[in-house]
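Numbering (our numbering), first residue to last: 1238 to 1826.
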């Protein structure tokens, strides 16, 4: 069996997520809401396991971190002070043909020939012109001395025919030839409105289309025809001008080759209004990040927690960004969840804590089952960092769609607290008892995406192997190899036969025994092999089968024992029911 390509693998993962109840598109029965996702029964358990483990590691197991839960609705003054109102934006570009919007920094570079289309004439006028040209001795137009030279200049050597229809090709003397054609079309015999001239310098009125030379001109011509059709020419004959070789250019839509608009800023925040009136006095925002509520509550939490520097404030919560182009399943969404820590320290210790938290966060991903060799700590260069940052690392993961960021670990200096102190007029200084000095603490921020991490866990866990069916024939088995502490269901309970009352009753006793300790799933439907496969596909690490040995019918020594099956190895062992809780809890961590 050949391994699936990355694209095929991603398609299978998306399909499994819907089929098995991990993730659904929000509002799917109404066509879906782009950039919004709903987590199903298994997805919400996986998400809860991740968040609970993060909270345990980052808060409960430490003496220097406390938690908070800030409001989603955010006072506009908070986001003005932080710079979000003025500067929280991405540069966007639009396709001139389809209108599709892209983030400017995510347009893939292309190398090839750029073909300029500088106008179009409707097909009826063009074909009428052709017919006149075929019989010049009878043509009133061709016989006119003021138009004949223009006709000869345009018709003939500059005309080609593609599979999509006629194309007028204008070489380096295009201005002369375009003028000639325009004069011809504007003659009394042809309607002046049938020709749409375009200035080569006007990007909004000019269709420059991109084609890779190996693909030929037809793809570019097809897009040019669409461009002019949108501008009112029903059956356009396009006019092709100069060609220019471009290397690694991002001026063109990678999907169809059309020229993109110039980049312009697009604010990513969701704006709303509080109360019954919609005016500037009632403006609020859905928070674009969880960090700002931590900064504005810094002084309150410092006082009530009685913490001394260094210490941190942790938060898990929703954030909202009006992403230009949500993509790659749940990776880039408009509504998402963050796990953030703001760790406050003296300025001279900032770089030390940056290195410390980078290593801690890498270890966290290993502890939830992502191997270190699929994680990459990328030091963000100066030109890419925020101006206030003295150091930033991106923790990246090798997704099927490429290497992408899971988490940022940034040394934000004292910028955030300083901005809020200036804007609010309230002191956010820290008083050091040892030195008797007041100062603004510096901040190191590990900021992780819940949804991105969930996607990484699913992608990393997804596997296909060969396993025997009930008749011994090898078949493809789909399995999610989650780390046991992340698995949505820890153990499945199966009575061997659903029509054997004693087996069913004993199985339900085992469910009742385990349920206070771990998440369990009871399944009595179908052949036992099919039930195993269903649990493998959702990542359940253990399965317990209650069989006739459990009842002591074959061997009294095996009474009150069950078969315990391991998901990854598919190996089975007999264990006593009374030992199940200890065995399973010890293997799940």
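Positions of the beta carbon are idealized from the N, C-alpha and C atoms, including for glycine.
Nearest-angstrom Cα separation, counted from residue j out to residue i
i            : j            : result
residue 1193 : residue 1246 : It is not possible to answer for residue 1193, since the shown part of the chain is limited to 1238 through 1826.
residue 1499 : residue 1489 : 11 Å
residue 1602 : residue 1481 : 48 Å
residue 1587 : residue 1626 : 11 Å
residue 1440 : residue 1258 : No answer about residue 1440 holds up, because its pLDDT of 26 lies below 50 and its placement is not dependable.
residue 1252 : residue 1801 : 29 Å
residue 1694 : residue 1267 : 29 Å
residue 1617 : residue 1652 : 18 Å
residue 1330 : residue 1497 : 6 Å
residue 1517 : residue 1825 : 53 Å
residue 1539 : residue 1589 : 22 Å
residue 1804 : residue 1774 : 10 Å
residue 1817 : residue 1811 : 10 Å
residue 1474 : residue 1352 : 15 Å
residue 1610 : residue 1248 : 24 Å
residue 1288 : residue 1515 : 36 Å
residue 1344 : residue 1269 : 25 Å
residue 1791 : residue 1809 : 18 Å
residue 1639 : residue 1696 : 12 Å
residue 1297 : residue 1336 : 49 Å
residue 1507 : residue 1338 : 18 Å
residue 1622 : residue 1305 : 27 Å
residue 1795 : residue 1291 : 41 Å
Cut-off 8 Å between Cβ atoms - residues of its own chain near residue i, not counting five sequence neighbours on either side
i            : result
residue 1748 : 1730, 1757 and 1759
residue 1705 : 1711 and 1712
residue 1238 : Residue confidence is low: residue 1238 scores 48 on pLDDT, short of 50, so the model does not pin down where it sits. Its coordinate-derived value is still stated next. So the list reads 1701, 1703 and 1713, once near-sequence residues are dropped.
residue 1272 : 1560, 1563, 1569, 1570, 1571 and 1572
residue 1667 : 1539, 1546, 1581, 1675, 1676, 1677 and 1678
residue 1656 : 1318, 1319 and 1320
residue 1735 : 1741, 1761 and 1762
residue 1750 : 1814, 1817 and 1818
residue 1754 : 1818, 1821 and 1822
Residues near residue i by beta carbon distance below 7 Å, same chain, minus five either side
i            : result
residue 1527 : 1307, 1552, 1554, 1556, 1575 and 1577
residue 1598 : 1632, 1644, 1646 and 1683
residue 1394 : Unreliable positioning characterises residue 1394 in this predicted model, as indicated by a pLDDT of 39, which lies under 50. A coordinate reading is not provided.
residue 1315 : 1529 and 1533
residue 1807 : 1704
residue 1471 : 1359
residue 1752 : none
For residue i: DSSP bridge partner residues
i            : result
residue 1564 : 1569
residue 1679 : 1582
residue 1648 : 1628 and 1681
residue 1502 : 1328
residue 1800 : 1782 and 1811
residue 1550 : 1303 and 1579
residue 1487 : Paired residue(s): none; residue 1487 is not in a bridge.
residue 1716 : 1700
Whole-Å CB distance - residue i paired with residue j, under 8 Å assumed
i            : j            : result
residue 1493 : residue 1460 : 5 Å
residue 1608 : residue 1321 : That belief does not hold up - the Cβ atoms of residue 1608 and residue 1321 are roughly 36 Å apart, past 8 Å.
residue 1827 : residue 1519 : Within the shown structure, residues of the chain are numbered from 1238 to 1826, placing residue 1827 beyond reach of any answer.
residue 1660 : residue 1318 : 3 Å
residue 1303 : residue 1536 : Between residue 1536 and residue 1303 the Cβ distance is about 14 Å, and since that is not below 8 Å, they are no contact.
residue 1549 : residue 1301 : 6 Å
Own chain partners of residue i with C-beta closer than 6 Å, once the 5 adjacent residues on each side are dropped
i            : result
residue 1463 : 1334
residue 1719 : 1698 and 1776
residue 1650 : 1625, 1627 and 1679
residue 1615 : 1631 and 1633
residue 1681 : 1580, 1590, 1591, 1594 and 1648
Residue closest to residue i, alpha-carbon to alpha-carbon, out of the options
i            : options                   : result
residue 1232 : 1767, 1721 and 1559       : Residue coverage of the chain in this structure runs from 1238 to 1826, which leaves residue 1232 outside it and unanswerable.
residue 1600 : 1789, 1295 and 1671       : 1295
residue 1725 : 1660, 1595, 1285 and 1262 : 1285
residue 1604 : 1273, 1690 and 1628       : 1690
residue 1815 : 1612, 1799 and 1769       : 1799
residue 1477 : 1356, 1523 and 1539       : 1356
residue 1312 : 1550, 1623 and 1522       : 1522
residue 1771 : 1550, 1454 and 1256       : 1256
residue 1635 : 1665, 1568, 1621 and 1649 : 1568
residue 1738 : 1752, 1717 and 1784       : 1784
residue 1579 : 1662, 1558, 1678 and 1642 : 1678
residue 1262 : 1744, 1566, 1337 and 1820 : 1566
residue 1260 : 1269, 1270, 1249 and 1281 : 1281
residue 1797 : 1761, 1755 and 1742       : 1742
residue 1630 : 1606, 1686, 1640 and 1594 : 1594
residue 1283 : 1823, 1794 and 1687       : 1687
residue 1788 : 1507, 1780 and 1732       : 1732
residue 1456 : 1465, 1495 and 1466       : 1495
Chain D within 8 Å of residue i, Cβ atoms only
i            : result
residue 1772 : In the structure shown, chain D cannot be found, because there is only a single protein chain.
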